[in-house]
Amino acid sequence: MMKNNKKCLHCQLDLSKSQRSFCCFGCEAAYNLINKLNLKDYYKFCKNIYNISPMKVEEVKNELNYVESIIYNKDKHQHEINLLVEGVHCGSCIWLIENTLKQQEGVKLARINISTQRLFLAWDGEEDIIYKYVDIIQKLGYKLIPFDYSEFINESDKRESFLLKSIAVSGFATIQLMMIVMGIWFAERENSMGENTRNLLHLISMIVAVPAILYSGLPFFKSAFEALKSHRSNMDVPISLGIIATTLISIWEFIRGGAYTYFDSAAMLIFALLVGRYMDIKSRNKAKEKARELILRQAKTVTLVEGNELKLLPISKVKIGDVIHVSVGEKVPVDGVVIEGSSEVDNSIITGETLPVIINKGMNVFSGTINLLAPIKVEIKKLGDSTILGEIIKLIENAEQGRAKYVRIADKVAGLYTPAVLLLSVLTFLMWYLLGSKIDKAILNAVAVLIITCPCALGLAVPVVQIIASSRMMSLGILIKSRDALERLSQVDTIIFDKTGTLTLGEPSFINPNNLSELEINIISSLAAQSKHPLCKAILKEFKGEIIPLEVNEEKGMGLKSSYNGEAIKLGNKKWCNVKNSEEYDDIYSEIWFKRGEREPIRLKFSDLIRDEAKNVIKVLKDKGYEIWMLSGDRKRAVEHVAHLLSIKNYKAECKPQEKYNFVENLHKAGKLSAMIGDGLNDSPALKRAHASMSPSSAIDLSQNIADIVFQSNLNAILESINTAKKSNVLVKQNFIISFIYNIVSIPIAAFGFITPLVAAVTMSVSSICVILNSLRLNKKDSI
Numbered sequence: 001m002m003k004n005n006k007k008c009l010h011c012q013l014d015l016s017k018s019q020r021s022f023c024c025f026g027c028e029a030a031y032n033l034i035n036k037l038n039l040k041d042y043y044k045f046c047k048n049i050y051n052i053s054p055m056k057v058e059e060v061k062n063e064l065n066y067v068e069s070i071i072y073n074k075d076k077h078q079h080e081i082n083l084l085v086e087g088v089h090c091g092s093c094i095w096l097i098e099n100t101l102k103q104q105e106g107v108k109l110a111r112i113n114i115s116t117q118r119l120f121l122a123w124d125g126e127e128d129i130i131y132k133y134v135d136i137i138q139k140l141g142y143k144l145i146p147f148d149y150s151e152f153i154n155e156s157d158k159r160e161s162f163l164l165k166s167i168a169v170s171g172f173a174t175i176q177l178m179m180i181v182m183g184i185w186f187a188e189r190e191n192s193m194g195e196n197t198r199n200l201l202h203l204i205s206m207i208v209a210v211p212a213i214l215y216s217g218l219p220f221f222k223s224a225f226e227a228l229k230s231h232r233s234n235m236d237v238p239i240s241l242g243i244i245a246t247t248l249i250s251i252w253e254f255i256r257g258g259a260y261t262y263f264d265s266a267a268m269l270i271f272a273l274l275v276g277r278y279m280d281i282k283s284r285n286k287a288k289e290k291a292r293e294l295i296l297r298q299a300k301t302v303t304l305v306e307g308n309e310l311k312l313l314p315i316s317k318v319k320i321g322d323v324i325h326v327s328v329g330e331k332v333p334v335d336g337v338v339i340e341g342s343s344e345v346d347n348s349i350i351t352g353e354t355l356p357v358i359i360n361k362g363m364n365v366f367s368g369t370i371n372l373l374a375p376i377k378v379e380i381k382k383l384g385d386s387t388i389l390g391e392i393i394k395l396i397e398n399a400e401q402g403r404a405k406y407v408r409i410a411d412k413v414a415g416l417y418t419p420a421v422l423l424l425s426v427l428t429f430l431m432w433y434l435l436g437s438k439i440d441k442a443i444l445n446a447v448a449v450l451i452i453t454c455p456c457a458l459g460l461a462v463p464v465v466q467i468i469a470s471s472r473m474m475s476l477g478i479l480i481k482s483r484d485a486l487e488r489l490s491q492v493d494t495i496i497f498d499k500t501g502t503l504t505l506g507e508p509s510f511i512n513p514n515n516l517s518e519l520e521i522n523i524i525s526s527l528a529a530q531s532k533h534p535l536c537k538a539i540l541k542e543f544k545g546e547i548i549p550l551e552v553n554e555e556k557g558m559g560l561k562s563s564y565n566g567e568a569i570k571l572g573n574k575k576w577c578n579v580k581n582s583e584e585y586d587d588i589y590s591e592i593w594f595k596r597g598e599r600e601p602i603r604l605k606f607s608d609l610i611r612d613e614a615k616n617v618i619k620v621l622k623d624k625g626y627e628i629w630m631l632s633g634d635r636k637r638a639v640e641h642v643a644h645l646l647s648i649k650n651y652k653a654e655c656k657p658q659e660k661y662n663f664v665e666n667l668h669k670a671g672k673l674s675a676m677i678g679d680g681l682n683d684s685p686a687l688k689r690a691h692a693s694m695s696p697s698s699a700i701d702l703s704q705n706i707a708d709i710v711f712q713s714n715l716n717a718i719l720e721s722i723n724t725a726k727k728s729n730v731l732v733k734q735n736f737i738i739s740f741i742y743n744i745v746s747i748p749i750a751a752f753g754f755i756t757p758l759v760a761a762v763t764m765s766v767s768s769i770c771v772i773l774n775s776l777r778l779n780k781k782d783s784i
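Residue numbers 1 to 784, in UniProt numbering, belong to the letters of the sequence shown in order.
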C-alpha cells in the first residue's frame, strides 16, 4: 500500500485519503483567517502547529464567565486585560496572535510574554468587544482563559532545578577529569606511562565527559540552536561551538591514539558558565513571583450584606455598589466607603506607616488593609485591578524589564564574533592543506584556532565578578538578588529614601517618661495592658510598672477609661481626655493623653526614632555627589522634622504608592538614574521602577523580593553596596579588555601552527584564570 504524503495545510498532520487539504474544520477556519488577514508569513516561521478545536462564538462568554471582574477600566472607553494563552509554543505563535489582534479595530496594544504565556491586551471602545477578540484568537487554534496569578504555576522552577543538577554533574565531571589529566601530564614528563595505560585513561575520560557534557551543556546548546534557527547569534553560539569542537577533537584524538584529549577543558567551561546562568535564572524566577505574591495578599472572599443576612461569597460574585461586612482582624477585600461603624485600620500595606488610622462613617478604606477594632460595613467602590492594591500590582508588572547592559554587549560582540571565528578556522584549515600539510595537521591547527578563540574569558567576564561580589557582600550581611543589580547600582546618580523603617526604626518609641510619678506609670501601664493599640504596646515596652487590677472599658476609636481610688482615669486621644487648646501642640510626634481626676491631662509623646548611622550615611552620599531625596507617606510635619535632622533638602510627604512611582518615573524621563531604598509594600512600585533598589531585612517579604539588594537594617550597607558596585563595574570592563587582548594575540599564534590543541586548551584556561584572578581583587579593602 502506498503511503499518503499529503499533509494538512495548517497543522501539517498527515491526511487520510478522504481528506483533501485539511484535517478538520478548525484548521480550515484558521488557515482561511490567516490568509484573510494577510499573515501568510506565519507558515514560514512555524513548522509545527498544535491544533486546538476552536470554540463557538456563543461558548466564549460561558468560558470567560467572570472576565468582567478582571478587566481594568482606565475610563469609560479604555480597557485592559490579562489573559492566559494556551497553545503558545514558539515565537511564530506570538507573532501570529499579536499581529492578528493589532489588525482589529480598537486594539491599542497586544503583547505576549512567552515565559508566562500571558497576553496583555489594551483597547478602546466597549468593554464587551473583548469577546470578539477572544473568538478571533480561538479560531486560530489557541485557547484564552482569564489569567489568575494565585493559580499560576511557575515553570521556571523546573528549569532552575535542572540547572542545579547540571552544575552538580559538570562539577563532578570536572574534578574527575582534572585528576586524570594531571596524572597523564606528570607521567608524560617522566616518560613513565605506557601507551595502553594512557589510552585506558583517555577512554575513562571520554566515558565520564561525554554524558556530562551532553547533559550539562544542554542549556547552551538549546539556546544556540534557537538563535541560529531564527537567523541570529548570541553568546551561547560560540560557547557551544567551542564545547562541541573541544569534545569532538578529543574523541578523534582518542580514536587515533593521540597523546592528549581535552575533555576537562569542555567540562570546566560548562561548570563555570552554569554557575553564572543559575544566578540569572534565580533572579528571574523571583521577578515572576512578585505580582503573584501581591495578589495572594488580597482577600479571596467577601461577606455580603443582604438585608439582615450575611453571605460568604467569592469576590468575583460581588459588584460595585454592594455592601459588605468586615470583621475585626479581617483584610478589607475592596476599595470602598464606610457606611456603618467606627474602627481603626492598619494602612501599612498602602502607606507604609506603622500607626493605625481611625475610620468613621463616610471615610474611605482600601483593599489589603486590616480592620483592627470593630466590625464595619463598607460600600464597594472599586474591585480587582481597579483597587489601590491592584494598581500597585499593575505598576510592578509595567515596571519590570530586562536591563543587563554588559550581557547585551557580550551578545552583540558574539553576533560578529561567531562568524569571524568560523571563517578564521576554515581559512586556517585551507591555508595548511593547500600548503601541502597532511589533512590531520590542517584539522588540528583549525581546531586549535577554534579552541583558543573559545570565548570562555568573555563568557566569565561578568558572572565571575558577580559570584565574588555576592560572596563578599553576603559575608557582610548583604544579599544580591538580581544578576545585574551591581551593574545598575554603579550607574545611579540619585538616591531616594523611604522614611519609616528605613531612615527610622519603624516602630513608635516613648520619648517623655521622666515627667511621670511612679503611681502614674503604674496606672498608665495598667490601662495600656488592656489594649492592642501600637502606642499602648510601646508604653508597656518602655515602662516596667506594676500592673494594677482595674475594670477597664474601651470606647472604639477614642480610648480607655477606668477608676482608681475614686478618681476617673482615662488613656486615649485629645477629645477623650478633654484636652483644651489642642492646636498648641505640633504634630511632629504621635501622642496619647492621660487624664486622672480633675488634674491637667498629660501628653505622652512617641517618635519613630532615627537610626544612629543615618546622618553619617546621608552625609557620605552627599559628599560623593549623589542627589538625595526622601519620600514618605507620613504627615508633613513629621517628614520635615526628620529631613531637618538629617540635613535632607529634598523631600515629599503624604506620598501614595502611585505618587512615589510617578516621582521615580519622572526622574527617569529627566535622564536621572535612581536607587530606591525602602521597606514597605507602598514602596514596591517605586522599588521596581527605580534603576536599582535596596531593602532592609526588616522589610516585609514582598518588598524584599522586589528589591535588587537586601541588607541587615544597618544603613552602612548602602555605602558598602555602592562601593562594591563601582569596583565590580571597573573589574567587568577590565575582564572584557583581558579577553579581547587574549583573542587578538592568540589567534595569529594558533593560525600559524605555533601551538597544538592541547596548548590552545591550556591557553584558553589561562585566559579564564586571568579573568578570575583579576576579579578576586574585589576582595581587597582598598578601592580599585
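Beta carbons are placed, not taken as given, at the ideal position from N, Cα and C, and that holds for glycine.
- Taking a C-beta distance under 7 Å as the contact criterion, Asn735 and Ala461 qualify as a contact pair.
- At the C-beta level, Pro657 and Pro696 stay beyond 7 Å of one another.
- Taken through DSSP and simplified to helix, strand or coil, Ile539 comes out as helix.
- With a threshold of 16 other beta carbon atoms within 10 Å, Asp335 meets it and is buried.
- Between the alpha carbons of Leu310 and Asp683 lies a gap of roughly 36 Å.
- Distances from the alpha-carbon of Val732 to those of Val134, Cys770, Ile749, Lys575 put Cys770 closest.
- Burial check for Phe752: the Cβ neighbour count within 10 Å stays below 16, so the residue is exposed.
- A straight-line Cα-Cα distance of about 13 Å links Ser205 and Met268.
- Taking Asn199 as the centre and dropping the five residues before and after it, the same chain places the C-beta of Phe254, Gly257 closer than 8 Å to its C-beta, in chain order.
- In the assembly as shown, His533 is a buried residue. Its beta-carbon has 16 or more other beta-carbons within 10 Å.
- Here Leu435 is exposed. Its C-beta has fewer than 16 other C-beta atoms within 10 Å.
- In this structure, the straight-line span from the alpha carbon of Leu560 to that of Phe120 is close to 52 Å.
- Going by DSSP, Phe736 is part of the alpha helix (DSSP H) stretching over 716–751.
- Comparing C-alpha distances from Asn616 to each of Asp634, Gly633, Ile648 shows the shortest one belongs to Ile648.
- Distance check between Ser166 and each of Ser386, Ala212, Leu423 places Ala212 closest, using alpha-carbon atoms only.
- A check of alpha carbon separations from Asp623 across Ile495, Gly242, Leu84, Asp264 identifies Ile495 as the nearest.
- Counting of Cβ neighbours within 10 angstroms places Pro314 among the exposed residues, the total staying below 16.
- The C-beta distance from Val345 to Leu372 rounds to 6 Å, short enough to fall under 8 Å.
- Under the three-state reduction of DSSP, Met630 is assigned to strand.
- Only residues of its own chain outside the window of five on either side were considered, and among them Ser342 have a CB closer than 6 Å to the CB of Asn360, listed in chain order.
- Using a C-beta cut-off of 8 Å, the segment 599–614 makes no contact with the segment 624–633, since fewer than three inter-stretch Cβ pairs fall below that distance.
- Per DSSP, Tyr262 has no beta bridge partner at all.
- Separation of Asn714 and Glu330 (C-alpha to C-alpha, rounded to the nearest whole angstrom) is 33 Å.
- Judged by their CB atoms, Ala209 and Ala448 are not nearer to each other than the 7 Å cut-off.
- Look at Phe594 here: in three-state DSSP terms it is strand.
- Fewer than three pairs of CB atoms, one per stretch, sit closer than 8 Å, so the segment 658–665 makes no contact with the segment 471–480.
- By the Cβ neighbour-count rule, Met473 is buried, with 16 or more other Cβ atoms within 10 Å of its own.
- A residue is called buried once 16 or more other Cβ atoms fall within 10 Å of its Cβ, and Pro356 is buried on that count.
- Ranking Gly307, Asn522, Gly678, Pro549 by CA distance to the CA of Leu505 puts Gly678 first.
- Thr494: member of the beta strand (DSSP E) spanning 494–498, first to last residue.
- Using a 10 angstroms sphere on the CB of Ser21, the tally of other CB atoms stays under 16, which defines it as exposed.
- Following the DSSP letters along the chain, one finds Asn82 inside the beta strand (DSSP E) bounded by residues 78–86.
- Residue environment for Thr247: buried (at least 16 other C-beta atoms within 10 angstroms of its C-beta).
- Residue nearest to Ala122 within the set Ile175, Tyr133, Ala110, Tyr131 is Ala110 (criterion: CA-CA distance).
- Residue pairing by DSSP places Gly390 opposite no residue, since no beta bridge is assigned to it.
- Taking Ala614 as reference, the option from Ile243, Arg599, Leu645, Arg637 with the minimal CA-CA separation is Leu645.
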